[in-house]
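In what follows, a single structure is set out as C-alpha cells and then discussed.
Residue numbers (the working numbering), protein chains in the order written: chain A, 27 to 249; chain B, 143 to 396; chain C, 129 to 372.
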C-alpha cells in the first residue's frame, strides 16, 4: 500500500536505531573492533593478513549483524507495537521489508562504508577494495533479510538470542561464501563478477521470500 | 477421521489422512513397529556381515574401504531425513495435522544422528587416506552444514514452550532450512573449486566393483529400514508425550 | 485516506466520504470458540454488536475476556464458529477484518525513546490520517503540554492515555478495548467513557472488557461464563481420543 505509510515506519526505525544505545552504532563499532583484533591474534605479517582480509571482514560483518538482530522485532513485540502494526493498513510483509531495510541502513550500509578502510589496515591490495565494498553492499542486505526471518521466529521465545544465532548463522553460509569470494578473486586478479552476481542473487532471493516467512512467524508469535 | 470421533458407524473412509488422527496412527503403527525392527535387524546383520567380512580388500585402500557400508547409507539418510521433515512440515502447514508436525519433530534427532555418523565415519575413512582427520572437502563440508540445520531445528523445538506455536515455527524453519541447505551445497561446491585441490572422491558409484555394489545396496536398504523403525518409534513417543500433556491439562481444571 | 476530521458525533452513520470501511456494519459472532495452550477457553459464544452500540465485557478472571478481544482482533486462531463485521468474515479475510479494528490491549505500544507527539505521529502516518488529527487527539487526552517530551518521562497514566489516544488517530469503526481504564484516575476514566460515547454516537461500535462501571448510558453487558459450566467442555484435542 501507501509509500508515505511505509516511509513513516522506516523513518521511525532509523531514528530509534541511531539513538544512543539504539544498536546501529554499536553494531558498527563491534564490526570494527572484531576486525582490528584479528592481527593481534594471527600476527602482523602482511601477506597472511592480505590473504585472510576478505574472510575476516565478512565474518565480522556476519557477527555484527547477528548481534544487532534482536532489536529488529523484540522491542516492538514486548511493548505491543507489533500488534498495532498488524492492524495497520499496511501488509505485515511490507512492515518486515521496511524494518529490514531500516536495519540494513543502520548496520550493513555503515559497515560497507568503513570496510575499505579496514581492508587497507589488513593490507588488502588497493585493487581488491572495490570488489570488497561492492560485495558487502550487495550482500549485507541479505544478512538483514535472512536475519529478519530468524528474529521473527525467536521474537516471543525466552532465551531467544542463542536460538537466533544457531538458526541464522547457517543461513548466512552462501552469502559468506560468495561475498568473500568476490574480494578474494580480486586479490588473485581473477574475475570477481560471477561471485558478485551470485551475492546479489542471494539478496534478491532473500528479499523475495524473507518478508513472507518472517511475517508468518510474527503472526504465529503474536498469538 | 471425523467419523470415528463422532462414533458413527464405520464409513469406508479409505483416505490416507485417516492416519493423521493420533488414535488411528497409533493403531496402524503398533502393527508396523515389530516388523520394521525385525526387517532392520535382519537386513543390517546380512548387509554388514557380507560387506565387512565377505568382500575383498580394495587394492588401494585396503580394508579401510569397507567403512563405506556405513558411511554411504548414513550420508544418504542425513539428506533424506531432512526431506522427510520438510514434507511432513508442508503437510502439517497445509492440512493442520498435529501428527505431521510431530513426525517432523521425531525425525530430526534421527537425521542428526545419521549426519553425525556420516561425519565421523567420513573422518575415520579419511584419516589413513589423507593423513588427517578432517579435510575441507566440499561434500564433507556440506554434510557438516546439514548438521547445523538439524541442530537449529532441534533447538527450536527445545526452546519454544507453546507446542502449537512450535508446530508452525518449526515448519517455517524447516522449509527455510531446506532451501538454504540446497543453496549451501552449491555454494560449498563453488567455494571448494578455489580452496581444494584434487581430493579422493568418496565412494563414487562409477568405479565401484560389483563385489561391493550388492552389499552396499543391501546396507542402504538396512539403513532405510532402521530409519523407518526409529522414526515410527520416535513419532509414537512424541504422540504419547502430547497425549500425556493433554491428559494433564484435562485433569487440572482451568 | 481520509482528511483530518474533528472530534465529536453528529455525523450520520454512513457518512461515507473520507471514512474508512465498515462504519454502519454490525459485528455478528456465532458459536465462537478458541483454544489456548491446548485448552478450550471460549466455546459456543454468540452475540451481536450493532453500530452505535457498546458492550461491556464482564466475567471473572480467566474467563476469556482478553482472549475474545484478541481473537476478534485477528491475533488468535479461531477454533470454531464465525465472526462477521458486515460482509467481512474474520476467518475468510482477516486482513480486511483487521482494517476495521482498533485494538487497545494491556500494552500501550509507546516507544520511550520518542517524544509523545512522535509516538502518535507514527500511527497518523501509517494510517494516513494526518498530523492535525494526532494533535487533536493529544489535546483531547490532555497531553499537548508534554507533547515534546520523550515518552520515557511519562507517568503510567500518561502512557496509558497516549496509548488510548491512538484510537482517535486511527479511524476504525470497531473498538476492542481491554481494561482501558487501568492506571487511569477517575477523571481520565470518565474521559474514556465519554470518548466511547462519542465513538458510538458517530456510528462506531465498542466492545470493552472492564471491571469498573463506565457510567455510560445505554451500555450493554456481555457476561462470559466459565466454559466448564457451559458444557462438559472436553476440548477438541484429538490426542484425547481413543484408547491406546
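Idealized CB from N, CA, C, for every residue including glycine.
In this structure, residue 160 (chain B) lies away from residue 367 (chain C), with their beta-carbon atoms at least 9 Å apart. Within 7 Å of the CB of residue 366 (chain C), the CB atoms of chain B belong to 163, 164 and 240, in sequence order along the chain.
Taking C-beta atoms under 8 Å as the contact rule, residue 247 (chain C) and residue 279 (chain C) qualify, at a distance of about 5 Å. A straight-line Cα-Cα distance of about 19 Å links residue 224 (chain A) and residue 195 (chain A).
Within chain A, the residues whose beta carbon sits less than 8 Å from that of residue 333 (chain B) are 203 and 207, listed in sequence order. The beta-bridge partner set that DSSP reports for residue 211 (chain C) consists of C:157. At a cut-off of 9 Å between beta-carbon atoms, residue 198 (chain C) makes no contact with chain B. Among the residues facing chain C, residue 42 (chain A) is included, as its CB has a counterpart in that chain under 9 Å away.
C-alpha of residue 56 (chain A) to C-alpha of residue 90 (chain A): approximately 6 Å in a straight line. Listed along chain B, the residues sitting closer than 7 Å to residue 165 (chain C) by beta-carbon distance are 304. Contact with chain C is found for residue 168 (chain B), since one of that chain's Cβ atoms lies less than 9 Å from the residue's Cβ. Taking a beta-carbon distance threshold of 9 Å, residue 237 (chain A) does not count as an interface residue toward chain C. Residues of the region 168-192 of chain C whose Cβ lies closer than 9 Å to any Cβ of chain A: none. At least one CB of chain C lies nearer than 9 Å to the CB of residue 388 (chain B). With respect to chain A, the C-beta atom of residue 253 (chain C) has a partner C-beta closer than 9 Å. Under a 10 Å Cβ-count criterion, residue 353 (chain C) is classified as exposed, with fewer than 16 other Cβ atoms of the shown protein chains found around its own Cβ.
The shortest CA-to-CA distance from residue 157 (chain A) to any of A:120, A:206 and A:148 is the one to A:206. Taking 8 Å as the Cβ-Cβ cut-off, the region 206-237 of chain C approaches chain A at 223, 226, 227, 229, 230, 231, 233, 234, 235, 236 and 237, given in chain order. Chain-ordered, the chain C residues with CB closer than 9 Å to the CB of residue 109 (chain A) read 198, 201, 203, 231, 233, 235 and 237. B:364 is the residue among B:279, B:375, B:364 and B:244 whose C-alpha sits nearest the C-alpha of residue 187 (chain B). By the Cβ-count criterion, residue 226 (chain C) is buried, with 16 or more other Cβ atoms from all chains shown falling within 10 Å of its own Cβ. For residue 246 (chain A), the uninterrupted alpha helix (DSSP H) run begins and ends at 219-247, by DSSP. Counting only residues of its own chain and dropping the five nearest sequence neighbours on each side, residue 178 (chain C) has a CB closer than 6 Å to the CB of 154.
Annotated three-state conformation of residue 313 (chain C) is coil, per DSSP. Going by beta carbons, residue 124 (chain A) and residue 255 (chain C) fall outside the 9 Å limit. Relative to the Cα of residue 119 (chain A), the nearest Cα in the group A:50, A:178 and A:185 belongs to A:178. Of the residues C:371, C:167 and C:351, the one whose Cα lies closest to the Cα of residue 185 (chain C) is C:351. In the DSSP assignment, residue 193 (chain C) falls within the unbroken alpha helix (DSSP H) covering 193-200. If you draw a straight line from the Cα of residue 217 (chain A) to the Cα of residue 243 (chain A), it is about 40 Å long. If you check the CB distance, residue 332 (chain C) and residue 159 (chain C) do not come in under 9 Å. Listed along the chain, the chain A residues whose CB falls inside 8 Å of the CB of residue 307 (chain B) are 182, 246, 247 and 249.
For a cut-off of 8 Å, the C-beta gap from residue 127 (chain A) to residue 168 (chain A) is around 12 Å, too long to register as a contact.
At least one CB atom of chain C sits nearer than 9 Å to the CB of residue 105 (chain A). In the assembly as shown, residue 189 (chain A) is a buried residue. Its beta-carbon has 16 or more other beta-carbons within 10 Å. Residue 35 (chain A) places its beta carbon 9 Å or farther from that of residue 139 (chain A).
The beta carbons of residue 236 (chain C) and residue 290 (chain C) sit about 7 Å from each other, so the pair counts as a contact at 8 Å.
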